[in-house]
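Visitor:
Protein chains: 2
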Amino acid sequence: MSSLTALRSIALRDPLTIPNSVLYNHSQTSLVVFDAYPKSIFHFLILPRVHEPFTVTDLTDLRSLLRKDIDLAKELIHGLKIAADSLKHDIEEEMVKRYGFKWEIWMGFHGAPSMAHLHLHVLSADLCSEKMKHKKHYNSFHPKHGFFLHIETVLAWLDATPTYRASMININQATYGKILKEPLSCFHCSKQLKDMPTLKGHLQDEWESVMKRERTKLERKKHITTKHEQLVNASSTRHEEEESKSGQQ
Amino acid sequence: MSSLTALRSIALRDPLTIPNSVLYNHSQTSLVVFDAYPKSIFHFLILPRVHEPFTVTDLTDLRSLLRKDIDLAKELIHGLKIAADSLKHDIEEEMVKRYGFKWEIWMGFHGAPSMAHLHLHVLSADLCSEKMKHKKHYNSFHPKHGFFLHIETVLAWLDATPTYRASMININQATYGKILKEPLSCFHCSKQLKDMPTLKGHLQDEWESVMKRERTKLERKKHITTKHEQLVNASSTRHEEEESKSGQQ
DNA sequence: TATTCCGATAGTGAC
DNA sequence: GTCACTATCGGAATGAG
């Protein structure tokens, strides 16, 4: 059972009393906080605020939420997704500011969270961070292992038949536990890595090659733009020449 | 298989070229060396020197020695025991010098040594040492677990029937491996200890209570001796008095 | 699957 | 079962009010 209460206590606080180092922004229905131990360059959590008809225990995790009422659950998760989409926009703006390009952003829940209070992870698809220390950290965010439940997947469950939904929501701890112990494989290229230091080195290499690729794209674009500008300029110069010629006529 | 060769190379060297920090003493047939990682206050190794009819590989371990010839093996091990008994005498002298009393000394072979070249461990029965770090270290010297083969036990095997001898000598690696993973239990009082730091603390306590007990014994002895001396003195004084009296007569 | 601390466990490499 | 180094694995405590 989830029992650690740091997120729950954040969710219960008056947002105005939460320091900016913790809270990114908030609405009537949700809080966006900086993950205290970011596992990617960008990593936030979106927490539902506690308000009727939900009690704080209804919001412990996906299972407790689904036990409440399916339609209310759908509405709440859709609300989180709206906040996440807005956050995604902000992150992309910051990506361009800092790096000159955007890259993928993942949104999802952990299949077996440790901390009480539903939290939607929103993080950039690089998994490059000092705080990424253990195999279980990495595997919990691997986009294809099944521990990280992409929000679209969860929304699909909510719209599926009750039987299918129940079977997916009730995947047990043991099943999730096994995923966390799977061998380390790169989420970019599926290469197997022998241990965390090796994996982290490899992820850094992959990330640097993404950057190089994007920078090359930018250069090409700039080059094309320049060519285009030259053409435009040349053409307008010709026009000017023609105009001046015609003016001389 | 034993394959590390530090001891083998020592056994093959001219003893006169081995530094005093390594070699304690030697004879025609054996070397006594300080264990480089002593697991007790006193800890030595006795190595057979390589001489006919043995080759260096005959002397790899008990099993290779026994494959050679049973009577030659007995002779060789008896030779090691003679060196060990002499060493024991030296250690006891040093115990008295340093601590004022003697305590038990163990002599034996490891059932599954890692290093090539037969080596008889001779060590004081305290197992108090900084170098005692791991469970396998401790269990390899526990006097009742069966990994530490007391020399008297081995000599008894040599005098037993060939079938019994073979069964004892051929106890396999897996069996010995299990012994090294047994729970930690104090060799003094059989108490189970949860981990190495706890065990080491307990062994230190046991060792300190041994010291206290022995010191108390010494005090009592000294006291008795003093009483005795007083009696002797008193008596001799009386004699002197009597003598002087008689002299005065 | 919150982190952190501690210790046990496992693999390697040494020459 | 040589050591030393690195990394993984495994349990326990943790905070807040």
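These protein sequences, in sequence, are chains A and B.
Under my numbering, the first sequence has 187 at position 20, and the numbering climbs by one with no breaks.
Under my numbering, the second sequence has 312 at position 145, and the numbering climbs by one with no breaks.
Yeah, the Cβ is synthetic: ideal placement off N, Cα and C, and Gly gets one too.
Alpha helix (DSSP H) containing N339 (chain B): first to last residue?
Guide: The residue you call residue 339 (chain B) lines up with position 172 of the second sequence. Note, N339 (chain B): premise wrong, no alpha helix (DSSP H); not H, not E.
Visitor: Taking the continuous beta strand (DSSP E) assigned at I272 (chain B), which residues delimit it?
Guide: By 1-based counting over the second sequence, the position of residue 272 (chain B) is 105. Per DSSP, I272 (chain B) belongs to the beta strand (DSSP E) from I272 to H277.
Visitor: Report yes if the CB atom of L316 (chain A) is closer than 9 Å to the CB atom of F354 (chain A), and no otherwise.
Guide: Stepping through the first sequence from its first residue, residue 316 (chain A) is reached at position 149. Stepping through the first sequence from its first residue, residue 354 (chain A) is reached at position 187. No, Cβ-Cβ distance for L316 (chain A) and F354 (chain A) is not below 9 Å.
Visitor: In terms of alpha-carbon separation, which member of B:H288, B:L233, B:Y204 and B:T227 lies closest to K300 (chain B)?
Guide: As a first step, residue 300 (chain B) must be located in the second sequence, where it is residue number 133. Per the Cα distances, B:Y204.
Visitor: If I measure Cβ to Cβ from I318 (chain B) and keep anything under 8 Å in the same chain, skipping five residues before and after, which residues do I get?
Guide: The residue labelled residue 318 (chain B) in the question sits at position 151 within the second sequence. Closer than 8 Å at the Cβ level, and outside the excluded window around I318 (chain B), lie I244, L247, K248, A251, M274, G275, F276 and L287.
Visitor: Give the range of the alpha helix (DSSP H) segment to which H245 (chain B) is assigned.
Guide: What you label residue 245 (chain B) is simply residue 78 of the second sequence in a count that begins at 1. If you look at H245 (chain B), you'll find it in the alpha helix (DSSP H) that goes I237 to Y266.
Visitor: Buried or exposed: which applies to H161 (chain B), given that a residue is buried once 16 or more other Cβ atoms fall within 10 Å of its Cβ?
Guide: The displayed coordinates of chain B run from 168 to 416. Any statement about residue 161 (chain B) would go beyond what the structure contains.
Visitor: Is it buried or exposed for H395 (chain B), if we count other Cβ within 10 angstroms and need 16 for buried?
Guide: Numbered from its first residue, the second sequence carries residue 395 (chain B) at position 228. H395 (chain B) should be labelled exposed.
Visitor: Can you tell me which of the three DSSP states H390 (chain A) falls into?
Guide: In the first sequence, residue 390 (chain A) corresponds to position 223, counting from 1. The answer is helix: DSSP assigns H390 (chain A) an H, G or I state.
Visitor: If I measure Cβ to Cβ from E409 (chain B) and keep anything under 7 Å in the same chain, skipping five residues before and after, which residues do I get?
Guide: On the second sequence, position 242 is the one that residue 409 (chain B) refers to. A caution first: E409 (chain B) carries a pLDDT of 49, below 50, which makes its placement in the model unreliable, though a value can still be read off. Cβ neighbours of E409 (chain B) beyond the five flanking positions: none.
Visitor: For N187 (chain A), report the span of its alpha helix (DSSP H) as first-last.
Guide: As a working mapping, residue 187 (chain A) is identified with position 20 in the first sequence. Segment: none, N187 (chain A) is in no alpha helix (DSSP H) and carries neither H nor E.
Visitor: Is there at least one non-hydrogen atom of the ligand FAD closer than 8 Å to the beta-carbon of D293 (chain A)?
Guide: No copy of the ligand FAD appears in this structure; indeed no ligand is present at all.
Visitor: Shortest alpha-carbon distance to G344 (chain A) belongs to which of A:D238, A:W324, A:K302 and A:L198?
Guide: What you label residue 344 (chain A) is simply residue 177 of the first sequence in a count that begins at 1. The residue with the shortest Cα to Cα distance from G344 (chain A) is A:K302.
Visitor: According to DSSP, what are the bridge partners of S197 (chain A)?
Guide: Along the first sequence, read from residue 1 onward, the residue named residue 197 (chain A) stands at position 30. For S197 (chain A), which the question treats as bridged, DSSP gives the partners A:P215.
Visitor: Restricting to Cα atoms, I'd like to know which of B:N339, B:S296 and B:N337 is closest to Q371 (chain B).
Guide: Walking along the second sequence from the start, residue 371 (chain B) turns up at place 204. Minimum Cα distance to Q371 (chain B) is reached at B:S296.
Visitor: Helix or strand or just coil, what does DSSP make of F315 (chain B)?
Guide: Taking the second sequence and counting its residues from 1, one reaches residue 315 (chain B) at position 148. F315 (chain B): strand per DSSP, three-state reduction.
Visitor: Would you say R216 (chain A) and L198 (chain A) are within 9 Å of each other, going by their C-beta atoms?
Guide: Counted from its first residue, the first sequence places residue 216 (chain A) at position 49. Counted from its first residue, the first sequence places residue 198 (chain A) at position 31. Contact: yes.
Visitor: Along the alpha helix (DSSP H) that carries H304 (chain A), what are the first and last residues, could you check?
Guide: Taking the first residue of the first sequence as 1, we reach residue 304 (chain A) at position 137. Taken as a continuous stretch (DSSP letters only), the alpha helix (DSSP H) holding H304 (chain A) covers K302 to F308.
Visitor: By Cβ distance, which residues of its chain are closer than 6 Å to S231 (chain B), with the 5 residues on each side in sequence left out?
Guide: To locate residue 231 (chain B), count along the second sequence from 1; it is residue 64. Once the five neighbours on either side are set aside, the close Cβ partners of S231 (chain B) are D225.
Visitor: According to DSSP, is V150 (chain B) helix, strand or coil?
Guide: Not covered by the structure: residue 150 (chain B). The range shown for chain B is 168 to 416.
Visitor: How close, in whole Å, do the beta carbons of S291 (chain B) and W270 (chain B) come, if the pair is a contact with beta carbons under 8 Å?
Guide: Counting from one through the second sequence, the residue named residue 291 (chain B) turns up at place 124. Counting from one through the second sequence, the residue named residue 270 (chain B) turns up at place 103. With 8 Å as the limit, S291 (chain B) and W270 (chain B) qualify as a contact, their Cβ atoms being about 6 Å apart.
Visitor: For L179 (chain A) and I185 (chain A), I'd like the C-alpha separation in whole angstroms.
Guide: As a first step, residue 179 (chain A) must be located in the first sequence, where it is residue number 12. As a first step, residue 185 (chain A) must be located in the first sequence, where it is residue number 18. Approximately 11 Å, taken between the alpha carbons.
Visitor: In three-state DSSP terms, what is L421 (chain A)?
Guide: Any answer about residue 421 (chain A) is impossible in this case: the structure gives chain A only from 168 up to 416.
Visitor: Taking I177 (chain A) as part of the alpha helix (DSSP H), name the residues at either end of that continuous run.
Guide: Sequence index remark: in the first sequence, residue 177 (chain A) carries index 10 (1-based). Its alpha helix (DSSP H) spans residues A173 to L179.
Visitor: If you run the structure through DSSP and keep just helix, strand and coil, what is L360 (chain A)?
Guide: Numbered from its first residue, the first sequence carries residue 360 (chain A) at position 193. The three-state secondary structure of L360 (chain A), taken from DSSP, is strand.
Visitor: Please list, in chain order, all residues of the same chain as M262 (chain B) whose beta carbon is under 6 Å from its beta carbon, the five residues on each side excluded.
Guide: For the purposes of this step, residue 262 (chain B) is taken as residue 95 along the second sequence, with counting starting at 1. Excluding positions up to five away in sequence, the list reads K269.
Visitor: Spell out the partners DSSP gives N192 (chain B) in its beta bridges.
Guide: Within the second sequence, the letter at position 25 stands for residue 192 (chain B). DSSP output for N192 (chain B) lists B:V199 as bridge partner(s).
Visitor: Is the CB-CB distance between F308 (chain A) and A279 (chain A) below 9 Å?
Guide: In the first sequence, residue 308 (chain A) corresponds to position 141, counting from 1. In the first sequence, residue 279 (chain A) corresponds to position 112, counting from 1. No, the Cβ-Cβ distance between F308 (chain A) and A279 (chain A) is not below 9 Å.
Visitor: For A333 (chain A), is the classification buried or exposed, using 16 other Cβ atoms within 10 angstroms of its Cβ as the cut-off for buried?
Guide: By one-based count along the first sequence, residue 333 (chain A) stands at place 166. It is exposed - the Cβ of A333 (chain A) has fewer than 16 other Cβ atoms within 10 Å.
Visitor: Just mark Q416 (chain B) as buried or exposed, buried being the case when its beta carbon has 16 or more other beta carbons within 10 Å.
Guide: Counted from its first residue, the second sequence places residue 416 (chain B) at position 249. The predicted model places Q416 (chain B) with a pLDDT of 34, which falls under 50 and marks its position as unreliable; any figure quoted below should be read in that light. It counts as exposed.
Visitor: Thinking just about the alpha-carbon of each residue, which of B:I213, B:R387 and B:V377 is nearest to the one in L294 (chain B)?
Guide: Numbered from 1 along the second sequence, position 127 holds the residue referred to as residue 294 (chain B). The shortest C-alpha separation from L294 (chain B) is found at B:V377.
Visitor: Report the rounded CA-to-CA distance for H304 (chain A) versus H369 (chain A), giving the unit in angstroms.
Guide: Numbered from its first residue, the first sequence carries residue 304 (chain A) at position 137. Numbered from its first residue, the first sequence carries residue 369 (chain A) at position 202. Taken atom to atom, the span from the alpha-carbon of H304 (chain A) to that of H369 (chain A) is near 16 Å.
Visitor: Would N306 (chain B) pass as a contact of E349 (chain B) if the rule is Cβ separation under 9 Å?
Guide: What you label residue 306 (chain B) is simply residue 139 of the second sequence in a count that begins at 1. What you label residue 349 (chain B) is simply residue 182 of the second sequence in a count that begins at 1. For N306 (chain B) and E349 (chain B), yes; Cβs fall inside 9 Å.
Visitor: Assign S357 (chain A) to buried or exposed, taking buried as 16 or more other Cβ atoms, counted over all protein chains shown, within 10 Å of its Cβ.
Guide: What you label residue 357 (chain A) is simply residue 190 of the first sequence in a count that begins at 1. Exposed is the call here.
Visitor: Closest to V321 (chain B) by CA distance: which of B:D202, B:I177 and B:L233 is it?
Guide: The residue given as residue 321 (chain B) occupies position 154 in the second sequence. That would be B:L233, whose Cα lies nearest to the Cα of V321 (chain B).
Visitor: Cutting at 6 Å between CB atoms, please list the residues of its own chain near E381 (chain A), excluding the five before and the five after it.
Guide: As a working mapping, residue 381 (chain A) is identified with position 214 in the first sequence. Taken in chain order, the residues that qualify are F268.
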